[in-house]
């Protein structure tokens, strides 16, 4: 049990109550649709963007609280947790960290109200884990900035008004800009559905004019700054994975209590009991790693470093795959049916080992940090 203060307990209790009362009936049935009604309801209670400043409609809290919110909602409705994660710890967080006052005032309030969404566009057909290989670029012409290139596997595009786009600037340094998706020169015409049914988009940009106030970060230190935002995104991804794992675990525990074979609940059998014990231990371990990364960073007034971030994301991705698989196994043929929550969660969880940094990139990053600095001590 985490030692939360009174405000944190109140907010998490409210989130849990809303999720149970309003989200339970449609949980795991959205089939790729964006849960707008749920996000708007959270927005009405000031629960979208808990980590964003109050002056833009956020909660004025921290990333730790945003991660707890993702967990609280996600154990009931993972699709709503996905939306909450994307609209608190991904593109909106980058705008909050680096954006001009004009950009913050324009883009953040509608997101915090649950009325709008923002996407983030990094990957390209030839630049996935190797972000440095991207071709999208900004050119300057008489003081004006123009963006050209293409992005792929971008989430939330059909729902979003704008996207945070990574691109090379004329000085050959990577930077980020905010692009209105209805701006002249933006061509959004290719959509794909991933295993979980969520839409991902391939879009093109041809000399899209970028207002000066929409430049988030550029220059020699730009990549380092962008990675700070990406570290928070990865912490959010870990929280989302842990929420999916908890959702699957809850289904499995309930089923083990109710399902009877050989004249007794299957939860009486050691094989099932040990599965559940192992699942619970893994979930709590993954949660501890992820939440500690946020708490430690915020206590020191910084973002999580590459080691703690990568460990959190890697462990959570491994954990959710194992837990959901075991939860489905406990359900047997029942969980293997197309309309069962476990079948959906099994498809949904697989993206957690890919999106926001693959397992392999996380392990490489962990190893780089270890060889550079060793494994930190207790202080």
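Residue numbers (UniProt numbering): 1 to 379. Glycine residues also receive a C-beta, built at the ideal position from the N, C-alpha and C atoms.
Given residue i, which residues of its chain have a CB within under 6 Å of its CB, disregarding the five upstream and five downstream residues?
i           : result
residue 318 : none
residue 280 : none
residue 80  : 23, 35, 38 and 73
residue 335 : 328 and 342
residue 223 : 174
residue 320 : 241, 244, 245, 349 and 352
residue 356 : 233, 234 and 237
residue 192 : 200
residue 85  : 70, 236 and 240
residue 308 : 293
residue 206 : 148 and 185
residue 374 : none
Residue i and residue j look like a contact to me (Cβ under 8 Å); what is the Cβ gap, rounded to whole Å?
i           : j           : result
residue 249 : residue 283 : 6 Å
residue 75  : residue 196 : Not a contact, Cβ separation roughly 17 Å.
residue 221 : residue 161 : Not a contact, Cβ separation roughly 29 Å.
residue 186 : residue 179 : 7 Å
residue 316 : residue 286 : 5 Å
residue 89  : residue 236 : 3 Å
residue 64  : residue 291 : 7 Å
If you drop the 5 nearest sequence neighbours on each side, which residues of the same chain put their C-beta closer than 7 Å to that of residue i?
i           : result
residue 365 : 306 and 310
residue 61  : 50 and 51
residue 344 : 28
residue 112 : 43, 48, 49, 52, 56, 57 and 58
residue 34  : 83 and 159
residue 255 : 330 and 331
residue 303 : 228, 231, 232 and 297
residue 92  : 49, 52, 108, 111 and 118
residue 100 : 213
residue 391 : This structure does not reach residue 391, given that the chain is present from 1 up to 379, and the question cannot be answered.
residue 172 : none
residue 144 : 209
By how many angstroms is the C-alpha of residue j removed from the C-alpha of residue i?
i           : j           : result
residue 94  : residue 240 : 18 Å
residue 24  : residue 273 : 26 Å
residue 341 : residue 288 : 26 Å
residue 252 : residue 244 : 12 Å
residue 133 : residue 8   : 42 Å
residue 234 : residue 40  : 24 Å
residue 147 : residue 323 : 43 Å
residue 376 : residue 198 : 39 Å
residue 68  : residue 228 : 20 Å
residue 138 : residue 216 : 13 Å
residue 325 : residue 275 : 11 Å
residue 18  : residue 77  : 11 Å
residue 213 : residue 87  : 21 Å
residue 338 : residue 247 : 17 Å
residue 54  : residue 66  : 14 Å
residue 110 : residue 46  : 12 Å
residue 131 : residue 262 : 55 Å
residue 15  : residue 142 : 50 Å
residue 114 : residue 104 : 15 Å
residue 333 : residue 278 : 22 Å
residue 10  : residue 4   : 9 Å
residue 402 : residue 168 : Given a span of 1 to 379 for the chain in the structure shown, any question on residue 402 remains unanswerable.
residue 21  : residue 299 : 34 Å
residue 26  : residue 2   : 29 Å
residue 368 : residue 140 : 36 Å
residue 271 : residue 372 : 43 Å
residue 6   : residue 269 : 40 Å
What do you reckon, is the C-beta of residue i under 8 Å from a heavy atom of the ligand SAM?
i           : result
residue 137 : Among the components modelled here there is no ligand, and therefore nothing to report on the ligand SAM.
Looking only at C-alpha atoms, which of the options sits nearest to residue i?
i           : options               : result
residue 204 : 335, 35, 128 and 150  : 150
residue 170 : 164, 135 and 120      : 135
residue 70  : 185, 301, 220 and 13  : 13
residue 157 : 166, 141 and 182      : 182
residue 128 : 373, 140, 354 and 110 : 354
residue 107 : 177, 77 and 141       : 177
residue 313 : 102, 360 and 206      : 360
residue 387 : 166, 372 and 142      : Because the chain here runs from 1 to 379, residue 387 falls outside it and cannot be looked at.
residue 225 : 97, 300, 144 and 372  : 97
residue 125 : 152, 100, 102 and 168 : 152
residue 31  : 194, 299 and 206      : 194
Between residue i and the rest of its own chain, which residues show a CB-CB distance below 8 Å, the 5 nearest in sequence each way excluded?
i           : result
residue 154 : 119, 120, 121, 123, 163, 200, 201, 202 and 203
residue 208 : 146, 147, 148, 179, 183, 184, 185 and 186
residue 257 : 265 and 267
residue 260 : 266
Next item on the list: Could I get the ranges of all uninterrupted beta strand (DSSP E) runs contained in the stretch 312 to 367, with 3 residues as the minimum, in chain order?
Entry: none
Checklist line | Every unbroken alpha helix (DSSP H) within the stretch 84 to 170, with a cutoff of 4 residues, ordered by chain | finding: Secondary structure within the stretch 84 to 170: the alpha helix (DSSP H) runs of 4 or more consecutive residues, fully enclosed, are 91 to 98 and 101 to 112 (chain order).
Margin query: If we require 4 or more residues per run, which alpha helix (DSSP H) segments fall completely within the stretch 25 to 75?
Written below: Fully enclosed alpha helix (DSSP H) runs of 4 or longer: 36 to 44 and 63 to 74.
Note to self: Quick check for students: name the residue ranges of the alpha helix (DSSP H) that lie wholly in the stretch 186 to 222, counting only runs of 4 or more.
What the structure shows: Complete alpha helix (DSSP H) runs here, min 4: none at all.
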